[in-house]
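K.L.:
Got a structure for you, questions after.
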């Protein structure tokens, strides 16, 4: 691993908890890069994000303002961090922060010279759950029928368009399967209170859930794609173990989505395979999944490719990977000095 | 039998298309190996009768059940 290019990369999503953020798997992939010698700057929102204390992976960390504080606060904080660290690239890993980073992408580049490789706002909006059905219809990709509802009064009419069970989804997160209209009403209130309106109603498709981690170059080309079947699922629906599968139909579907959106950056495509073997696209997450390190383990280092794309370095699309590789998560207790917690809590860096 | 099914000497099967894995006993392993090599159910039956001491009527029924199970697990091609 000689002559690797030295770079500094800021990474968010250090919450390596039971519903993990993608930050640590992205960092592990970057640390294994054969072309970059990466110094990692962690960017956190909370003082107990485990990645803050993983010094073997994260070289130094800074807190950044919550997305609700807006673009100006983010720019101010990045200005300080960059004055110390001279960041080359930032990889944001949270859905909720992406809007700010996309809006500020040009300013971050012009003012600080920091590069990112993010979807455009149009791409970001085109894959929203509320419009995914229409996107599928326009591009020949099967998406379960869905519609947005804005009030509980609309629930009684749903039986004309849907059969039970149906899935009640929040516009950002959360999904519950409802078997009766009472359950739809209950989930509607719970989800709208948490995530706001509209709430999305989607036809339930029974089958096996398979996800794809993929990366697009922004011109319609898929740089890499690795599918994963969940083997062990937590009560939050997250994969705790999974296996890379080899399914050309699924890879073709992923390529079709990336081509249709001209997707720029990493993403996770969530599909369901029904009993007839048909794939339905359920969601497009606009960032790498928390299991992206499996792709690295299978021979496709997507975070490294993303950095190359951001820096304008040459990237060769991945054509193969090793199917049958598995990931199995575990939890691990770190012993942390109170001084460290004090540092991140008071001065916002550690 | 689907050609891409991975089969180990210990009787562990992995279907890379679906991510499903299974384990089978030595006689199951023999049957799957034969099927993977392109033998027909009749040829597999002959092979088993030659290798194991078992009544033909018994193995015929068990083999049929076993192949039905492989089909239900989507381990067989449409043509067998």
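Chains as they are written, first to last, in this note's numbering: chain A, 1 to 350; chain B, 351 to 430. No residue lacks a Cβ here, since even glycine has one placed at the ideal position from N, Cα and C. Please read these numbers as outputs of a predicted model, since none were measured by experiment.
(1) I want to verify the contact list: residues of chain B whose CB lies under 8 Å from the CB of residue 246 of chain A, in sequence order.
(2) Roughly how far, in whole angstroms, is the beta-carbon of residue 138 of chain A from the beta-carbon of residue 118 of chain A, given that I think they are within contact range, below 8 Å?
(3) Determine the extent of the alpha helix (DSSP H) in which residue 84 of chain A is found, giving its start and end residues.
(4) Please give the ranges of any beta strand (DSSP E) in the region 223-303 of chain A, keeping only runs that are unbroken, at least 3 residues long and fully inside the region.
(5) Whose Cβ in chain B lies nearer than 8 Å to the Cβ of residue 323 of chain A?
(6) Once DSSP output is grouped into helix, strand and coil, what is the label at residue 365 of chain B?
(7) Go through its chain and collect everything with a Cβ distance to residue 102 of chain A's Cβ below 8 Å, but skip five positions before and after it.
(8) Return the chain-ordered ranges of every alpha helix (DSSP H) run that is complete within the region 97-133 of chain A and spans a minimum of 4 residues.
(9) Within the present structure, is the beta-carbon of residue 165 of chain A separated from the nearest heavy atom of the ligand FMN by less than 6 Å?
(10) Could you give the C-beta distance for residue 205 of chain A and residue 227 of chain A, rounded to a whole number, given that I count them as a contact under 8 Å?
(11) What is the DSSP secondary structure of residue 214 of chain A, reduced to helix, strand or coil?
(12) At 7 Å on the CB atoms, spell out the chain B contacts of residue 243 of chain A, in chain order.
(13) Considering residue 169 of chain A, what are the terminal residues of the beta strand (DSSP E) in which it resides?
(14) Taking its Cβ as the centre, do 16 or more other Cβ atoms sit within 10 Å of residue 408 of chain B, making it buried, or is it exposed?
(15) Between the region 210-238 of chain A and chain B, which residues of the former have CB atoms less than 8 Å from a CB of the latter, in chain order?
(16) Please state whether the Cβ-Cβ distance between residue 63 of chain A and residue 237 of chain A is less than 7 Å.
(17) Taking the beta carbon of residue 68 of chain A as the centre, do at least 16 other beta carbons fall within 10 Å, making it buried, or is it exposed?
(18) Taking the C-alpha atoms as reference points, what is the distance between residue 12 of chain A and residue 372 of chain B?
(19) So the candidates are A:259, A:242, A:273; which of them puts its Cα closest to the Cα of residue 215 of chain A?
(20) With a floor of 3 residues, list each beta strand (DSSP E) that falls wholly inside the region 28-55 of chain A, ordered by position along the chain.
(21) Does the region 359-371 of chain B touch the region 420-427 of chain B, meaning 3 or more C-beta pairs lie closer than 8 Å?
(22) Rounded to whole angstroms, what is the Cα-Cα separation between residue 158 of chain A and residue 172 of chain A?
(23) Once the 5 residues before and after residue 378 of chain B are set aside, which same chain residues still bring their CB inside 8 Å of it?
(24) Counting only Cβ-Cβ distances shorter than 8 Å, please list the residues of the region 284-313 of chain A near chain B, keeping chain order.
(25) For the candidate residues A:301, A:53, A:248, A:267, whose alpha-carbon lies nearest to that of residue 279 of chain A?
(26) Indicate whether the contact test is met: 3 or more Cβ pairs, each with one atom in the region 182-199 of chain A and one in the region 276-294 of chain A, closer than 8 Å.
(27) As a quick exercise: from A:218, A:174, A:210, A:208, pick the residue whose alpha carbon is nearest that of residue 197 of chain A.
(28) Is it a yes or a no for the region 309-328 of chain A touching the region 393-407 of chain B, going by three-plus beta-carbon pairs under 8 Å?
(29) Rounded to the nearest angstrom, what separates residue 91 of chain A and residue 29 of chain A at their Cα positions?
(30) In terms of residues, what are the limits of the alpha helix (DSSP H) holding residue 183 of chain A?
(31) Within its chain, find whatever has a CB closer than 8 Å to the CB of residue 410 of chain B; leave out the 5 residues flanking it on each side and keep chain order.
(32) How big is the Cα-Cα spacing for residue 155 of chain A and residue 149 of chain A?
(33) Short check: CB of residue 167 of chain A to CB of residue 177 of chain A, under 7 Å?
(34) On the three-state DSSP scale, how would you describe residue 310 of chain A?
P.N.:
To lay it out plainly:
(1) Taking the first chain and counting its residues from 1, one reaches residue 246 of chain A at position 246. Per Cβ cutoff of 8 Å: 354, 366, 367.
(2) Residue 138 of chain A sits at position 138 when you count from the first residue of the first chain. Residue 118 of chain A sits at position 118 when you count from the first residue of the first chain. Contact between residue 138 of chain A and residue 118 of chain A does not hold, since their C-beta atoms are separated by about 23 Å, which reaches or exceeds 8 Å.
(3) Here residue 84 of chain A is taken as the residue at index 84 of the first chain, counted from 1. 71-85 is the span of the alpha helix (DSSP H), which, as asked, contains residue 84 of chain A.
(4) Listed in chain order, the complete beta strand (DSSP E) runs (minimum 3 residues) inside the region 223-303 of chain A are 239-244, 264-273, 279-285.
(5) Here residue 323 of chain A refers to the residue found at position 323 when the first chain is read from its first residue. When 8 Å is used as the limit between beta carbons, residue 323 of chain A is near these residues of chain B: 366, in chain order.
(6) On the second chain, position 15 is the one that residue 365 of chain B refers to. Three-state DSSP puts residue 365 of chain B in a strand.
(7) Reading the first chain from its first residue, position 102 is the one you call residue 102 of chain A. Once the five neighbours on either side are set aside, the close Cβ partners of residue 102 of chain A are 118, 119, 120, 121, 124.
(8) For the region 97-133 of chain A, whole alpha helix (DSSP H) runs of length 4 or above, ordered along the chain, are 105-112, 121-126.
(9) The ligand FMN is not part of the structure shown, which contains no ligands of any sort.
(10) Working through the first chain from its first residue, we reach residue 205 of chain A at position 205. Working through the first chain from its first residue, we reach residue 227 of chain A at position 227. The Cβ separation is near 17 Å, so there is no contact.
(11) The sequence position of residue 214 of chain A within the first chain is 214, counting from 1. In the structure shown, residue 214 of chain A sits in a strand (DSSP, three-state: E or B).
(12) Taking the first residue of the first chain as 1, we reach residue 243 of chain A at position 243. Correct list: 369.
(13) As a working note, residue 169 of chain A is residue 169 in the first chain. Counting along the chain, residue 169 of chain A sits inside the beta strand (DSSP E) bounded by residues 166-169.
(14) The count along the second chain starts at 1 and reaches residue 408 of chain B at position 58. So residue 408 of chain B counts as exposed.
(15) If you check each beta-carbon in the region 210-238 of chain A against every beta-carbon of chain B, the ones closer than 8 Å belong to 210, 228, 229, 231.
(16) In the first chain, counting from the first residue as 1, residue 63 of chain A sits at position 63. In the first chain, counting from the first residue as 1, residue 237 of chain A sits at position 237. In terms of Cβ geometry, residue 63 of chain A and residue 237 of chain A do not form a close pair [threshold 7 Å].
(17) As a position in the first chain, residue 68 of chain A is number 68, starting the count at 1. With fewer than 16 other Cβ atoms within 10 Å, it is exposed.
(18) Residue mapping note: residue 12 of chain A aligns to position 12 of the first chain, counting from 1. Residue mapping note: residue 372 of chain B aligns to position 22 of the second chain, counting from 1. Each residue's alpha carbon lies about 39 Å from the other.
(19) As a position in the first chain, residue 215 of chain A is number 215, starting the count at 1. Ranking the options by Cα distance to residue 215 of chain A, first place goes to A:259.
(20) If one requires a minimum length of 3 residues, the beta strand (DSSP E) runs lying completely within the region 28-55 of chain A are 36-44, in chain order.
(21) Flag = yes, the region 420-427 of chain B and the region 359-371 of chain B touch.
(22) Locating residue 158 of chain A in the first chain gives position 158, where the first residue counts as 1. Locating residue 172 of chain A in the first chain gives position 172, where the first residue counts as 1. So the alpha carbons of these two residues sit roughly 21 Å apart.
(23) Within the second chain, numbered from 1, the residue matching residue 378 of chain B stands at position 28. Excluding five sequence positions before and after residue 378 of chain B, the CB atoms of its chain that fall closer than 8 Å to its own CB belong to 361, 416, given in chain order.
(24) Those residues of the region 284-313 of chain A that come within reach of chain B (Cβ to Cβ, closer than 8 Å) do not exist; the list is empty.
(25) Here residue 279 of chain A refers to the residue found at position 279 when the first chain is read from its first residue. Selected option, being the one with the closest Cα: A:248.
(26) Proximity of the region 182-199 of chain A to the region 276-294 of chain A falls short of the contact definition, fewer than three beta-carbon pairs being nearer than 8 Å.
(27) One-based indexing of the first chain puts residue 197 of chain A at position 197. When only C-alpha atoms are compared, the closest one is A:174.
(28) Taking a cut-off of 8 Å on C-beta distances, the region 309-328 of chain A does not touch the region 393-407 of chain B, as fewer than three cross pairs fall below it.
(29) The residue given as residue 91 of chain A occupies position 91 in the first chain. The residue given as residue 29 of chain A occupies position 29 in the first chain. Annotation: residue 91 of chain A to residue 29 of chain A spans about 13 Å, alpha carbon to alpha carbon.
(30) Residue 183 of chain A sits at position 183 when you count from the first residue of the first chain. Looking at the DSSP string, the run of the alpha helix (DSSP H) that includes residue 183 of chain A is 181-195.
(31) Position 60 of the second chain, counted from the start, is the residue given in the question as residue 410 of chain B. Correct list, in chain order: 395.
(32) As a position in the first chain, residue 155 of chain A is number 155, starting the count at 1. As a position in the first chain, residue 149 of chain A is number 149, starting the count at 1. Cα to Cα, residue 155 of chain A sits roughly 8 Å from residue 149 of chain A.
(33) Within the first chain, the letter at position 167 stands for residue 167 of chain A. Within the first chain, the letter at position 177 stands for residue 177 of chain A. Annotated as proximal: residue 167 of chain A and residue 177 of chain A, with beta-carbon spacing under 7 Å.
(34) Position 310 of the first chain, counting from 1, holds the residue named residue 310 of chain A. Reduced to three states, the DSSP call for residue 310 of chain A is helix.
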